[in-house]
Each structure stands twice: as structure tokens, then as C-alpha cells.
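Engineer: Sequence lines, in order, name chains F and H. For the first sequence, the working numbering gives the first residue as 1, with consecutive numbering after it. For the second sequence, the working numbering gives the first residue as 1001, with consecutive numbering after it.
2 protein chains.
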Amino acid sequence: MDALFNPRSIAVIGASKTPGKIGHAILTNIVKYGFRGRVYPVNPKYDEIEDLKCYPTVLDIPDEIDLAIIVIPAEQVPKAVGEAGAKGAKVAVVISSGFKEAGRADLEESLLEYARKYNIRILGPNIFGLCYTPKRLNATFGPQDVIPGSIALVSQSGALGIALMGWTIVEKVGLSALISLGNKADIDDADLLEWLRDDPNTSVILIYLEGVKDGRRFMEEARKTSVKKPVIVIKAGKTRRGMQAVASHTGSLAGMDSVYNAAFEQSGVLRAGSLEEAFDWARLFSTKKVSKGENTIIITNGGGVGVLATDACEELGVKLLDPTEDLKREFMAYMPPFGSPRNPVDITGQATHVEFEGAIDVAIRKDIINNIIVLYCQTAVADPIKLAEVLIKANKSTDKPIVAAMIGGEKVSEAMDMLKREGFPVYPTPERAVSSMAAMIKWSMKRRVL
Amino acid sequence: MDALFNPRSIAVIGASKTPGKIGHAILTNIVKYGFRGRVYPVNPKYDEIEDLKCYPTVLDIPDEIDLAIIVIPAEQVPKAVGEAGAKGAKVAVVISSGFKEAGRADLEESLLEYARKYNIRILGPNIFGLCYTPKRLNATFGPQDVIPGSIALVSQSGALGIALMGWTIVEKVGLSALISLGNKADIDDADLLEWLRDDPNTSVILIYLEGVKDGRRFMEEARKTSVKKPVIVIKAGKTRRGMQAVASHTGSLAGMDSVYNAAFEQSGVLRAGSLEEAFDWARLFSTKKVSKGENTIIITNGGGVGVLATDACEELGVKLLDPTEDLKREFMAYMPPFGSPRNPVDITGQATHVEFEGAIDVAIRKDIINNIIVLYCQTAVADPIKLAEVLIKANKSTDKPIVAAMIGGEKVSEAMDMLKREGFPVYPTPERAVSSMAAMIKWSMKRRVL
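#1: Relative to the C-alpha of F:PHE99, which residue among F:LEU284, F:ASP2, F:HIS24 and F:GLY182 is closest?
#2: For H:MET1219, which option in H:ALA1185, H:GLY1268 and H:VAL1154 has the closest C-alpha, if you only look at C-alpha atoms?
#3: Could one say the Cβ of H:HIS1249 lies closer than 9 angstroms to chain F's Cβ atoms, at least one of them?
#4: Going along chain F in order, which residues have a C-beta closer than 8 angstroms to the C-beta of H:ALA1169?
#5: Quick check: the segment 47 to 66 of chain F against the segment 4 to 22 of chain F, are there 3 or more CB pairs under 8 angstroms?
#6: Listing by chain order, which chain B residues have their CB less than 7 angstroms from the CB of F:GLY242?
#7: Going along chain F, which residues have a C-beta under 7 angstroms from H:SER1096?
#8: Going by other Cβ atoms of all chains shown within 10 Å of its Cβ, with 16 needed for buried, is H:PHE1264 buried or exposed?
#9: Within a Cβ cutoff of 7 angstroms, which residues of the same chain sit near F:ASP399, ignoring the five residues on either side of it in sequence?
#10: Show which residues of chain F have a CB atom less than 8 angstroms away from the CB atom of H:ASN1301.
#11: Between which two residues does the alpha helix (DSSP H) harbouring H:ASN1452 extend?
#12: Using CA atoms only, rank isn't needed, just tell me which of H:VAL1259, H:GLU1414, H:GLU1108 and H:ARG1197 is closest to H:LYS1238.
#13: Just to confirm, is the Cβ distance from F:GLU80 to F:ILE72 under 9 angstroms?
#14: Tell me whether H:ASN1029 sits in a helix, a strand or coil according to DSSP, three-state version.
#15: In three-state DSSP terms, what is F:ASN126?
#16: Using 8 angstroms for Cβ pairs, my map puts F:VAL231 next to F:ILE207. What's the rounded Cβ distance?
#17: Can you pull out the residues from the segment 328 to 340 of chain F whose beta carbon lies closer than 7 angstroms to at least one beta carbon of chain H?
#18: Considering only DSSP beta bridges, list what F:CYS377 is partnered with.
#19: For the beta strand (DSSP E) containing H:VAL1154, name the first residue and the last one.
#20: Along chain H, in chain order, which residues have C-beta atoms closer than 8 angstroms to that of F:SER180?
#21: Tell me where the alpha helix (DSSP H) around H:SER1435 begins and ends.
#22: If you compare alpha carbons, which of H:ILE1169, H:LYS1446, H:ALA1333 and H:PHE1424 is closest to H:LYS1292?
#23: Exposed or buried, which one is H:LYS1053 when buried takes at least 16 other CB atoms within 10 Å?
#24: Just the Cα atoms here: how many angstroms apart are H:LEU1436 and H:LEU1308?
#25: Should H:MET1165 be flagged as near chain F, meaning a C-beta pair shorter than 9 angstroms?
#26: Compare the C-beta of F:PHE141 against all C-beta atoms of chain H and say whether one is closer than 9 angstroms.
#27: Could you name the residues that DSSP lists as bridge partners for F:THR239?
#28: Could you confirm whether any beta carbon from chain H is found closer than 9 angstroms to the beta carbon of F:THR324?
#29: Measuring alpha carbon to alpha carbon, tell me which of F:LYS229, F:ALA68 and F:ALA245 ends up nearest F:ALA236.
#30: According to DSSP, what are the bridge partners of F:ILE49?
#31: For the segment 1354 to 1374 of chain H and the segment 157 to 165 of chain F, state whether three or more C-beta atom pairs, one from each stretch, are separated by less than 8 angstroms.
#32: Let me make sure I understand the geometry here. Which of H:ALA1159, H:VAL1094 and H:ILE1385 has the alpha-carbon closest to that of F:THR379?
#33: Quick one: does H:ALA1152 have its CB under 9 angstroms from some CB of chain F?
#34: Starting from F:SER180, trace the beta strand (DSSP E) both ways and give me its first and last residue.
#35: What in chain H is Cβ-close to F:TYR208, meaning under 7 angstroms?
#36: Apart from the five residues just before and just after H:PHE1304, which ones in its own chain have a Cβ nearer than 8 angstroms to its Cβ?
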């Protein structure tokens, strides 16, 4: 499996000179994203592509090959996999489609026979590739400029995965890895969990799942992984009709949703209710923080958002600390007389970034407080950019999880972009900030008993 | 009440020349946003402000006054309200704070005595003002460039309301009105509902609510309004702790949440679970469309998002139509052989905007289909900008509600901005598109039996 993420050399079987072709997109992505190993295009039609010498077959390459990326018509794939295996490649990434998903289960079986015979593992077929940013490996036909980070994204759906790849760039979400699983002929979620849980570059694993092959093994790997880092799953096919849609999409058996829920609960997997929620949670987890306890404090300059966050906390089981009189006095230093030192700590619309900084500092210093939620409504007195600087500094100075929600206009939008670039978990509504903190606390408490 | 939204003349009592002061911000906003009536600054310190002649008191203005905006210290407000009333103003917008919310219930009572005596209605006190875009009236100290549209936003929270005002600009959400309610000494949600339901410029009313004064009247006005146009409420203080937070914020009695739920249900009010959801719904309602029935169809180029949307439909009670063989044949004209003409209609990743257009056209033409959900995952073959053009055209050609979700990179983000500017309801995830459609169908069916 290590050859999938850390290959020293790659053969791109079916590399092409023609822009628009997948075999061209993958090769250029590998080259332009700055892969640090050696790359060999394979195609009998060319002598060179992108200034790289091109070989008629993988067997002709005068070097060892760790990883083979295969982008040729389905019929020819099994043999190519055999050749790559014979050449010593440990994993083949089969981009090509036209297998089980197109009614050709026979071709997929033949592919697996070659793989077994030549002792090579298969990712795919019917996928858009994989990306591993620590090694500058972008072997996908998606966008080139994936932002490095610590979220590993695993998708059973190709179209969704590749679209999300673009979305992460716009949203400034940093990825460690992006893996398309497709038909899961061989490598599946469980294999990836096994590898990713020990990957120091990955702090959270987000999986779009339609169905698993081996439930027991998935659970076991998920449990072992959840002890170390959070596993977030978007499980599609929750409902009767959703299951039918899954069957006609990837042919997976979605299975009883209640069974999945029980399995996730037992193995510590966090099940997100939507795509948005999954990425919201992953943003906080990518800070690599862990809650030391359940006591949470809300610091706000707006009463209304404070109430909305309070409601969300109660609904999601986030425990709001009742400040002692001593603690109240400390918070009161950062608010006008009509502010409220209770929780939510309302430093009022008169607060500048200085009062925010002071109140956040109190929350960081007090051992009784484990988690901090900061809410900001744009005002003329509190500059959102300066608040962003305060948040970034605060986040670096403590191992307590901190999240923020910011509401306002253009300048708030700039401040949020700045925070996102720095990996600070910021959200556009109080409810989304609270939901992320709830997931953090749930995982932090659960991992102790797994 | 008409004087609040359609005043022919406004006096700004406490207008100021000093940038940074609220009395300056409000006057300049009124002038610069292009108010179409007459404006009179009132302040004994100045002869003119912003090239407008300034008067020592409202009584000195040589013109009739419909609306008075009051921005002076709380202690002086009751008398000023009396003067404005004596001058014939029908409504006073009291921006000033320092009343009940600051422990000065006596001052608020005095304000009301003057109001009753001089027959003038009060909006506020303790608010950021009001904005009514059809008359280019921006009497707030918030951002200047509010985007005209058909959503009326009513907020009991000042900080939240003003922050959302900026947010609507960034998010290209068009507003008809924005009203800050603050302490609700006189004018409350029910009064606004009564006026807004007959306002041809408003197609949906969105209320941030902490508590109501007169539950029976609110329900009655909400029911009468819901027959004509949707009323969306974000009710804060749902939970025990949230109610406490409300009490310390605006002093409202949040009341039993179950009672509110029953009242909302009975009066046709749509209760949103979060800020985001409320605006998502409002975006669709601002198209002024009504569902003629419950039959919904999903058209997608990505199997995975189709499944996620299907799950969301089932969970939210959105009825997915089972296409007849005839209908399937029609859809099949716009997909490759491995596409699926069932619902979700999967035109596959090979679809261009032409196939989208064809499939959407089928859905528009067939009377059996009432509601259309379009899902797009970015691909190299389907240009998101061209798809946006298709969607805008389709939306104009039918009275059926259409929503879309688009996932992808920079170009998708551009296409979504384009759609938002055109008032097309587009969302970043399938779940949010479905939630909005569910609210549309719920309201459309409910209004018939109110």
C-alpha cells in the first residue's frame, strides 16, 4: 500500500500527447504539481511526452516501477496490470471505466486474476485517480492546484470526488490525500483506513460511502483508526429510495441504515448528515486538536447569535459551563456594564478586537474551560481583520479547540478567507460552528473508550 | 404604518456632521442610497449637513413630516417623539438605546405616553433602523449598498440584523425591506406582517424572533399572511438554556418551544432550523413561484449527488415521481445508454449543458412533474457558465419551482454568482437544494388549507 502514496517511480500506461484526453491530463498533473519521484509515460505511439521519454510498454522502462497508473481501454487493462506486476509494480491505479459498472463483471474478474497472479494491488477501476500532497503527487484528471493540508478525502463516487476537489480549492480546504475508490475491485475503505491512520500527514479522514464489501473488517479498521484520528463518513443510501439509487449508481448494496448507524457508533465513526457538515467538521479536526473535556464557553459580541449558538449547543449536547463568580469577574474586565459574563459571555457590540482578545485569553487560561466558541457580528468598532489576527494567534497558543462564526459583509468575507488559509476553523453561521465543536467533543470523549 | 415604508418626507432628529456618529451614518445612508422623498436634518448645532438645510427642532421644518428618525440620547427621546407627533409625523423610528434593555423601563413608558398623546407610532427603541429598497430608503447605520430584491427581513436582534445586512450584499441576496425591531415598545412582528403581506414588492418574509408580545395576534396575522406569501421564522430560545440567554439579551419571554411550534404549524409559518436554512428557503421563495403539486424530479450528471439528494428528499417528505415508460423514453434522448431515466434522472458525467437543457425541458413540459431539482458536478465537458444560462432561461420559461446545486471549483463559483444575481435559487450542496424545495412544497400545499 505504501507504493500508492509514496512511490519512488510511476509509469503512466496510456499517457497521451492530446490535450483533453485523460491520459494527457493525468501525466501533466503529475508533472506540473511537482511529483518528487521519477515518471515514465508508456505509449507505443510516442517517443516522448512533456519532455519525458516515452516507452512502448511498461516492460521497456529501464528502472524499477513502484506504481502504475492505467488509462487505456478496459479490454486491454487486465494484460497491462499483469505486465506492471511482472515489472515489479506494487499497486496499479486503474482509471479506465467499462468494468462491472458497465455490466462487464467478467472483465473486472479477469483484472483481478492478473493482479493476484502478479502480486499487484488494484485501486479502482472506474476512478479519477489519487492525490497525495505531501509527496506532490497529483495523479488525477481533476484540478492541478490542490491545497496541501491534513484532510484525507476518500470517495466512492468519481463525479462527486472530482467536483469536491475543485470546491476544496475555492474554499481553501487543505488536503493530505484524495482517493477515488470507484468499483473497489480490490483496495477498499478499510485498506485506506489502515494506511491513513499511521500517516503523520493526515489528521482526519472523510469518506463518501455508498456501501462496504466487508462490514466486519471496515468496522475493525475504523475503530482502530478512530482511536488515533477522527473518521467522518457521509453514508449515502440512507433511505429506501436512496438505496435504490445507490444500486443503480455503483451497484453497491447500501444495506440497512440502522445497521450502518450501529456499526458507526460502535467503531467511533462520526456520521455527517450532509456534505457541508462533513467538511465543516473536517475543518476543525484538521487543527489536530483534541478536547480535554466537555466544558464549553461561548464568547460573543451579539446577543442574538449567542442565543442561536446556545440553542444549537443544547440540541447537540454541548455542555455550556456555568462560570463561577470569580470567572465572571475576569470576563467582566472585557465588557461594558451592560454586558453579560454568563455563558454566552456577551462582550456586546461595543467590543473591539481587544475585548475579544482579553475574553478569549481568559478562556484559554482557565483549566476548567475545555472548548471555546467565538461569535462575531460585524460592527463598526470591531475590525474583522484584526479579530482574525487575534483568533489565529489564540489558536496557536493553546491546545484547546477553538471555532468561530463570523457574520457580515465584504470585510468579514476577507477575514474568513484569511482564517481559512491559516487553517482556522471559521464558519458563516453560529449553528455550523457549534455542530463542528459538537463533533470534536463527541470524538474526543469516544476515542477514550474504543 | 404606510409612513414607515413610503414616507414623502423624513426628519432625522440628531443628524450629525461627525463621521463615525450614528446620526451621521443614517443621514448619509438616506442621501446616498437615493431616497426619493424629502429629507430634513434636525440638530440645533448646525445650519446644514450634507448640503441639506438643518433645523434646530422638528417644529421648525417648513414642510409636513411623515417619518421621524430619532438618534439622540435616551433621556431626550420622549419629548422629541412628542414634537414629531405634534408636527404630524405618523411614525417615529427610535434608534437610540438606553431604555428597557438597559433597565430603564420608565423611560420606555414615558416614550409610549408621548406617542399615545401625539398619535404617533414607534419602531424601536434600541434598533439600527429600517431599509425599504423599492423607495430607495436606507435609514440604517449599516452598509449602504443593499441589493434590491423581494425578501423582507425582520430582526429582533440589532447586531445580527446589521451583520446579516452586510452578508446579503456579499451573498447577492436581494431585499425588499430590512426592519430592526429592538425592544418592540409599539410596532411588532404582527404589525409588520399586516403591512408586508399586501406589499407587492415583498414575496417572502423572514423573521428573527426571540419572543412575541401578543401570541394570539401574531398567529392571526401570520396565518393571514401565509395564505399570500411564505413567512419564515428563526425562533431563538428553543432550549431551556437558550431561553435564559434570550431573557438576558432582549428581556423577551421566549416561552415554551412546543407552544411556539404548535402555533407556527397552525398558522402556516415555516420554522427554519438555522440562519442558513432560513436564507436558503427565502432564496427560492423570492422567485415568487408556487408548487402546483408534490411530484418532484431530480436531474443530475453525478450519481453520488443524486443519491444524497434522494436521501434528503425521503427524509424531508419530498415526493419523487416514478416516471412512466413514456417519460423515461423522453429522458433517454438526453443520456448515453448507461444513464438512468429513473428518478434521479442520471444523464451521467458525459452530459453537456445541451443534455441538461433537454432533460430540464422534458421536466418543464410534462404536467405530471411539479418541481425540478437540478444537480451538477463539475466536469470537463459541461461548462458551468453555459449550464447557468440554461437554468436562468428555464426558470423564466415556467412557473414550476426549480432549484439547483452545483459543486466544483472557481468556474462553478462564478456560475453560482451569476445565478444568484439573476435571482436563481442555487446552493452549494444537494441537501440544501432539497431542503429549500421541501419548504416550497410544504408552504404551497399548506396555504390552501389555512
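C-beta atoms are modelled at their ideal positions from N, C-alpha and C, and glycine is treated no differently.
Structural biologist: Considering the structure as presented:
#1: Along the first sequence, one-based indexing puts residue 99 of chain F at 99. The shortest C-alpha to C-alpha distance from F:PHE99 to any of F:LEU284, F:ASP2, F:HIS24 and F:GLY182 is the one to F:GLY182.
#2: Counting from 1 along the second sequence, the entry for residue 1219 of chain H is found at position 219. Of the candidates H:ALA1185, H:GLY1268 and H:VAL1154, the one whose C-alpha sits nearest the C-alpha of H:MET1219 is H:GLY1268.
#3: Position 249 of the second sequence, counted from the start, is the residue given in the question as residue 1249 of chain H. True, the Cβ-Cβ gap to chain F drops below 9 angstroms.
#4: Here residue 1169 of chain H is taken as the residue at index 169 of the second sequence, counted from 1. Looking at the sequence shown, residue 1169 of chain H is not Ala but Ile. The CB of H:ILE1169 comes closer than 8 angstroms to the CB of GLY409 and GLU410 in chain F, given here in chain order.
#5: Counting C-beta pairs with one atom in each stretch, the segment 47 to 66 of chain F and the segment 4 to 22 of chain F have three or more that are closer than 8 angstroms, which means they touch.
#6: Although the question refers to chain B, the structure presented lacks it and instead comprises the protein chains F and H.
#7: By 1-based counting over the second sequence, the position of residue 1096 of chain H is 96. Within chain F, no residue comes near H:SER1096; the closest Cβ sits about 14 angstroms away, beyond 7 angstroms.
#8: Stepping through the second sequence from its first residue, residue 1264 of chain H is reached at position 264. Buried, because 16 or more other Cβ atoms sit within 10 Å of the Cβ of H:PHE1264.
#9: The count along the first sequence starts at 1 and reaches residue 399 of chain F at position 399. Excluding sequence positions up to five before and after F:ASP399, its CB lies within less than 7 angstroms of the CB of LYS289, all in the same chain and listed in chain order.
#10: Counting from one through the second sequence, the residue named residue 1301 of chain H turns up at place 301. In chain order: ALA159.
#11: For chain H, the structure presents residues 1001 to 1450; residue 1452 of chain H sits outside this window and is missing.
#12: To locate residue 1238 of chain H, count along the second sequence from 1; it is residue 238. The shortest C-alpha separation from H:LYS1238 is found at H:VAL1259.
#13: If you number the first sequence from 1, residue 80 of chain F lands on position 80. If you number the first sequence from 1, residue 72 of chain F lands on position 72. The sequence shown places Ala at residue 80 of chain F, rather than the Glu named in the question. The answer is yes: Cβ separation under 9 angstroms.
#14: As a working note, residue 1029 of chain H is residue 29 in the second sequence. In this structure, H:ASN1029 counts as helix in the three-state DSSP scheme.
#15: The residue given as residue 126 of chain F occupies position 126 in the first sequence. In this structure, F:ASN126 counts as coil in the three-state DSSP scheme.
#16: Residue 231 of chain F sits at position 231 when you count from the first residue of the first sequence. Residue 207 of chain F sits at position 207 when you count from the first residue of the first sequence. So it is a contact: roughly 7 angstroms between Cβ atoms.
#17: Listed in sequence order: PHE338 and SER340.
#18: For this step, residue 377 of chain F is matched to residue 377 along the first sequence. Assignment of beta-bridge partners to F:CYS377 by DSSP yields F:ILE407.
#19: Working through the second sequence from its first residue, we reach residue 1154 of chain H at position 154. Start and end: 1148 to 1155.
#20: Within the first sequence, numbered from 1, the residue matching residue 180 of chain F stands at position 180. The contacting residues do not exist; F:SER180 stays about 11 angstroms from chain H at best.
#21: As a working note, residue 1435 of chain H is residue 435 in the second sequence. Note, H:SER1435: alpha helix (DSSP H), 1430 to 1446.
#22: Sequence index remark: in the second sequence, residue 1292 of chain H carries index 292 (1-based). Scanning H:ILE1169, H:LYS1446, H:ALA1333 and H:PHE1424 for the CA closest to the CA of H:LYS1292 turns up H:LYS1446.
#23: Counted from its first residue, the second sequence places residue 1053 of chain H at position 53. Residue environment: H:LYS1053 is assigned as exposed (fewer than 16 neighbouring CB atoms within 10 Å of its CB, all protein chains considered).
#24: On the second sequence, position 436 is the one that residue 1436 of chain H refers to. On the second sequence, position 308 is the one that residue 1308 of chain H refers to. Going by the sequence as given, residue 1436 of chain H is Ser instead of Leu. Cα to Cα, the separation comes out at about 15 angstroms.
#25: The count along the second sequence starts at 1 and reaches residue 1165 of chain H at position 165. It does: the Cβ of H:MET1165 has a partner Cβ on chain F nearer than 9 angstroms.
#26: Here residue 141 of chain F refers to the residue found at position 141 of the first sequence. Closer than 9 angstroms to some Cβ of chain H, the Cβ of F:PHE141 qualifies, so yes.
#27: Taking the first residue of the first sequence as 1, we reach residue 239 of chain F at position 239. According to DSSP, F:THR239 bridges with nothing at all.
#28: Residue mapping note: residue 324 of chain F aligns to position 324 of the first sequence, counting from 1. Taking CB atoms only, F:THR324 has no neighbour in chain H less than 9 angstroms away.
#29: As a first step, residue 236 of chain F must be located in the first sequence, where it is residue number 236. Closest in C-alpha terms to F:ALA236, from the list F:LYS229, F:ALA68 and F:ALA245, comes F:ALA245.
#30: For this step, residue 49 of chain F is matched to residue 49 along the first sequence. The bridge partners DSSP lists for F:ILE49 are F:LEU52.
#31: In short, these stretches do not touch, since the Cβ pair count stays below three.
#32: In the first sequence, residue 379 of chain F corresponds to position 379, counting from 1. Out of H:ALA1159, H:VAL1094 and H:ILE1385, H:ALA1159 has the C-alpha closest to the C-alpha of F:THR379.
#33: Sequence index remark: in the second sequence, residue 1152 of chain H carries index 152 (1-based). So no, H:ALA1152 is outside the interface.
#34: Counted from its first residue, the first sequence places residue 180 of chain F at position 180. Annotation for F:SER180: the continuous beta strand (DSSP E) segment containing it runs 175 to 180.
#35: For the purposes of this step, residue 208 of chain F is taken as residue 208 along the first sequence, with counting starting at 1. Residues of chain H passing the Cβ test: GLY1304.
#36: Your numbering for residue 1304 of chain H matches position 304 in the second sequence. Checking the sequence shown, residue 1304 of chain H turns out to be Gly, not Phe. Closer than 8 angstroms at Cβ, skipping near neighbours: CYS1377.
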